[in-house]
Amino acid sequence: MSSGETSLRTHFADAFRQITKRSESPEIHVSFYPFAGLNHTIRIRKQRVYVRVSDILRDAPQQVYRALAFILVSKLFNKRVMAEHEKLYRQYAYQPQVLRASDLARQKRGRKVLTSAVGRVYNLDKIFARLNRRYFGNELPKPTLSWSARRTKRILGHHDYVHDAIVISRSLDSVAVSEFLVEYVLYHEMLHMKHRPRVVNGRRVYHTAAFRADERRYGRFEEAMEELDELTSRR
Ligand SMILES: [Zn+2]
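In terms of this note's numbering, the sequence shown has 205 at position 215, counting the first letter as 1, and numbering is strictly consecutive.
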């Protein structure tokens, strides 16, 4: 165990005592873990607590460790995270060099499960080509396009700029879904290629005003919104 892990354990024990208002904390195991990206996990098994902290934070200062401990333990108990902890953590984690380290880790370690652009009903390559011509003057370089491996319902589309890929939920590859809705979801993800996120007050903002304005240029925007509402209320 490294000294970083030892001091992390102390902070987690403090966080447990304060958040549960008990004088004792459970047995805690903390380790750094090479996650793809800046992720951390906490779980309880047989009254022991297991914490894995992204190894990107190996050199983080003590107050960041402390903030992270309070954030994760609060989440474990569904408690509101105190603003000062959230702020401290974000100030550190959203620095350009930390973001960059996180992106690099994702690139190196992340495994993408990609299937194919050709679905049972819709072909993403064809829809991409049509949208690129109509809305982007054919200027967007073609990313890897793929239907998701699983039928995710909460996330309909995702643009991953590290892997230069757009993944669309397989739940939309269905005769029950209008083509213009698939088009709209793909169009939204293509806009993420055009509009890079901006950092505002230490947070990455993906859907900027310019992004939202562009989004409304989609010809059947209102209809797509209506069908999306229907689709989500049916669930
Ligand atoms: Zn988006």
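Think of the CB as a built atom: it goes at the ideal place given N, C-alpha and C, for glycine as much as any other residue. On a predicted model such as this, the values are computed, not experimentally measured, just so you know.
For Leu146, same chain residues with a beta-carbon under 6 Å away, outside a window of 5 residues either side, are Ser159, Val175 in chain order.
By the 16-neighbour rule on beta-carbons within 10 angstroms, Asp163 is buried. When DSSP assignments are scanned along the stretch 62 to 143, the uninterrupted stretches of alpha helix (DSSP H) that are 4 or more residues long and fall wholly within it turn out to be 73 to 83, 86 to 99, 114 to 126. In the pairwise beta carbon analysis, the stretch 105 to 118 is classified as not touching the stretch 27 to 42: fewer than three pairs are separated by under 8 Å. When Cβ pairs closer than 8 Å are counted between the two stretches, the stretch 52 to 63 is seen not to touch the stretch 167 to 185, the count staying below three. With a contact defined as Cβ atoms closer than 8 Å, Val20 and Val43 qualify at about 7 Å. With respect to the 8 Å criterion, Thr198 and Arg207 are not classified as neighbours on the basis of their beta carbons.
Counting along the chain, the unbroken beta strand (DSSP E) around Ile158 starts and ends at 155 to 158.
Straight across, the Cα-Cα distance linking Ala50 with Phe22 is about 12 Å. Here DSSP, grouped into helix, strand and coil, assigns Phe2 to helix. Just measuring C-alpha positions, the residue of Ser15, Glu179, Ala26, Met215 sitting nearest Tyr125 is Glu179. Taken through DSSP and simplified to helix, strand or coil, Phe60 comes out as helix.
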